[in-house]
Amino acid sequence: KVNSAGGKGKAGKAGTEKAMSAGIEVNSSGGKGKGGKAGSSSRRLSSGKGKGGKGGESQVDRVAEINIMVGRVNDSCGKCECNRNEPVEPVVVEVVYPTPPEPTKNPTSSPTELVFASALPPRACASSHYSFPAGIYDPLGGWLYKITTDSTLSCDDTNIWDLGTDVDGAFDHLVLFRDGIEIMRWGTTCPVDYPVKDGDSLVFYSDNSHEYRGFRVCTDSMEPAAPEEGIIQGDCFVSHPTWDGYGTHYDNYYGYSFKIEKAGTMTSESFNIRGRGTGQALKLYRNNELIGKWNGDEGISNQDVEVGDVISFFVDDSAIYDENTGFKVCFM
Numbered sequence: 010k011v012n013s014a015g016g017k018g019k020a021g022k023a024g025t026e027k028a029m030s031a032g033i034e035v036n037s038s039g040g041k042g043k044g045g046k047a048g049s050s051s052r053r054l055s056s057g058k059g060k061g062g063k064g065g066e067s068q069v070d071r072v073a074e075i076n077i078m079v080g081r082v083n084d085s086c087g088k089c090e091c092n093r094n095e096p097v098e099p100v101v102v103e104v105v106y107p108t109p110p111e112p113t114k115n116p117t118s119s120p121t122e123l124v125f126a127s128a129l130p131p132r133a134c135a136s137s138h139y140s141f142p143a144g145i146y147d148p149l150g151g152w153l154y155k156i157t158t159d160s161t162l163s164c165d166d167t168n169i170w171d172l173g174t175d176v177d178g179a180f181d182h183l184v185l186f187r188d189g190i191e192i193m194r195w196g197t198t199c200p201v202d203y204p205v206k207d208g209d210s211l212v213f214y215s216d217n218s219h220e221y222r223g224f225r226v227c228t229d230s231m232e233p234a235a236p237e238e239g240i241i242q243g244d245c246f247v248s249h250p251t252w253d254g255y256g257t258h259y260d261n262y263y264g265y266s267f268k269i270e271k272a273g274t275m276t277s278e279s280f281n282i283r284g285r286g287t288g289q290a291l292k293l294y295r296n297n298e299l300i301g302k303w304n305g306d307e308g309i310s311n312q313d314v315e316v317g318d319v320i321s322f323f324v325d326d327s328a329i330y331d332e333n334t335g336f337k338v339c340f341m
C-alpha cells in the first residue's frame with residue numbers, strides 16, 4: 010500500500026573556462042548540467058536521493074579560440090602603443106569542473122532498508138542484524154531478500170563472517186534459492202563473488218541455540234521481499250495469498266515486509282502460526298527496534314502502530330503443522 014517516489018537529483022554545476030590573451034581575462038560560464046536521475050524506490054522502502062548531474066560544457070566559441078591562437082585578434086591592444094605585427098602569445102585555457110562528491114557509507118543495515126557500501130558503483134547490502142558489525146544477532150530470527158539484477162554476492166569489506174558453525178555446528182545459515190530450489194547454502198564461510206540472478210531469493214535464519222557476530226553480504230541490487238499480490242486486502246493483510254483461515258498453509262523460507270503509512274491500531278481476525286521452537290513469527294519494528302512479536306494462536310489485539318513502522322513476516326525451515334493456517338490482521 011505504500012509507494013514512494015525517489016527524489017530528483019540536483020542539477021550539475023556549470024563548467025567554467027578562463028582564457029588569457031594579451032593580458033586580458035576572458036571568462037565564459039559553461040551551460041548548466043542536466044539534473045541527476047531520480048533515486049530508485051521500492052514499493053515498501055523510503056525513497057533515495059538522486060545523484061547530481063554532471064557539469065555542462067563551456068560555451069566558449071571554439072572558432073574564436075582558434076582565431077586567438079593564430080593571432081587574428083589584433084584589437085586586444087586597445088589604445089596602447091604596441092606592434093600589431095608581432096605574433097600574439099598562445100592562449101592558455103583552463104577548464105575547471107566540480108569535483109564529484111565522495112560516496113557515503115551507512116554503518117548499519119536491517120532487513121527492511123537497503124544500505125549501500127562505499128564501493129563504486131554502490132552495492133546493495135543486507136546484514137544479519139540491525140547493529141552489525143556491533144552486537145550479535147537474535148535467536149529464532151531471519152529475513153528474506155529478493156535479488157533484482159544478475160550480479161555476484163560477496164561479504165562486505167569488514168570481512169566478518171560468524172555463524173558459529175565451527176563451534177556449535179550447522180544450525181544458522183544463509184541460503185540462496187532459484188525458482189523455489191535451493192542452489193547454495195553458506196555456514197562455515199562467506200560467499201565470494203558467487204553469481205546470482207534476477208529473481209533469486211536470499212534467506213537468512215537462526216535457530217534458538219546460540220547467537221554470533223553475524224555478517225553483511227552485498228550485491229549490485231536487492232531489496233527486502235515485498236508482499237505478493239493478494240497479501241494486502243484493503244485495510245487488512247494476510248499471511249499468504251491463498252489464505253482462507255482453515256484449509257491452506259504458508260511455505261517454509263517465506264516472508265515479506267512493508268511499511269505502515271497511517272497511524273492507528275491493528276488487530277488479528279484469525280491467527281495461527283507455529284509457536285514452539287521456531288523462527289516463524291510476525292514482527293513489528295519501530296526505528297529499527299523490535300516492539301512486537303507474535304506466533305502461536307493468541308493473535309494481536311489493538312496494537313498501536315505509527316507511520317513508518319515496519320511489519321515483517323518470516324518463516325524459517327521449521328515444520329508447519331496442520332493447524333498453522335496463517336493469519337489475517339486488520340488496521341483500525
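Just add 9 to wherever you are in the sequence shown, counting from 1, and you've got the numbering used here. Where a beta carbon is used, it is the ideal one built from N, C-alpha and C, also for glycine.
Residue 327 and residue 289 do touch by the CB rule: their CB atoms are close to 6 Å apart, below 8 Å. Judged by their CB atoms, residue 192 and residue 183 are not nearer to each other than the 8 Å cut-off. With fewer than three CB-CB distances shorter than 8 Å, the stretch 293–307 does not count as touching the stretch 246–255.
Boundaries of the beta strand (DSSP E) around residue 164: 160–164.
Here the alpha carbons of residue 267 and residue 236 stand approximately 7 Å from one another. A direct Cα-to-Cα measurement between residue 293 and residue 150 gives close to 13 Å. Ranked by how close their Cα comes to the Cα of residue 210, the residues 331, 280, 158 have 158 in first place. Three or more Cβ pairs closer than 8 Å define a contact, and the stretch 254–266 falls short of that threshold against the stretch 156–170.
Here residue 207 is exposed. Its C-beta has fewer than 16 other C-beta atoms within 10 Å. Residue 161 is not a Cβ neighbour of residue 254, given a cutoff of 8 Å. Residue 276 sits in a strand when the DSSP states are folded into three classes. Rounded to whole angstroms, residue 174 and residue 276 show a C-alpha spacing of 39 Å. Per the coordinates, the alpha-carbon of residue 313 lies some 13 Å from the alpha-carbon of residue 302. In the displayed model, residue 306 falls within coil according to three-state DSSP, outside both helix and strand. Judged by DSSP secondary structure, residue 195 falls within the beta strand (DSSP E) whose first and last residues are 190–195. Residue pairing for residue 228: DSSP places it in a beta bridge opposite 133. For residue 313, the secondary structure class from DSSP, reduced to helix, strand or coil, is strand. With respect to the 8 Å criterion, residue 283 and residue 329 are classified as neighbours on the basis of their beta carbons. In the DSSP annotation of this structure, residue 179 is not part of any beta strand (DSSP E), being labelled neither H nor E. C-alpha of residue 134 to C-alpha of residue 154: approximately 10 Å in a straight line.
Note on residue 218: under 16 other CB atoms within 10 angstroms of its CB, so exposed under the neighbour-count rule. With 16 or more neighbouring CB atoms inside 10 Å of its own CB, residue 228 falls in the buried class. DSSP lists 242, 339 as the beta-bridge partner residues of residue 245. Per DSSP, the continuous beta strand (DSSP E) segment holding residue 214 begins and ends at 210–214. Nearest in C-alpha terms to residue 163, of all of 146, 188, 230, 189, is 230.
For residue 319, the uninterrupted beta strand (DSSP E) segment begins and ends at 319–324.
Relative to residue 200, the option among 146, 165, 298 whose CA is nearest is 165.
Sorting 341, 197, 272 by C-alpha distance to the C-alpha of residue 318 places 272 at the top.
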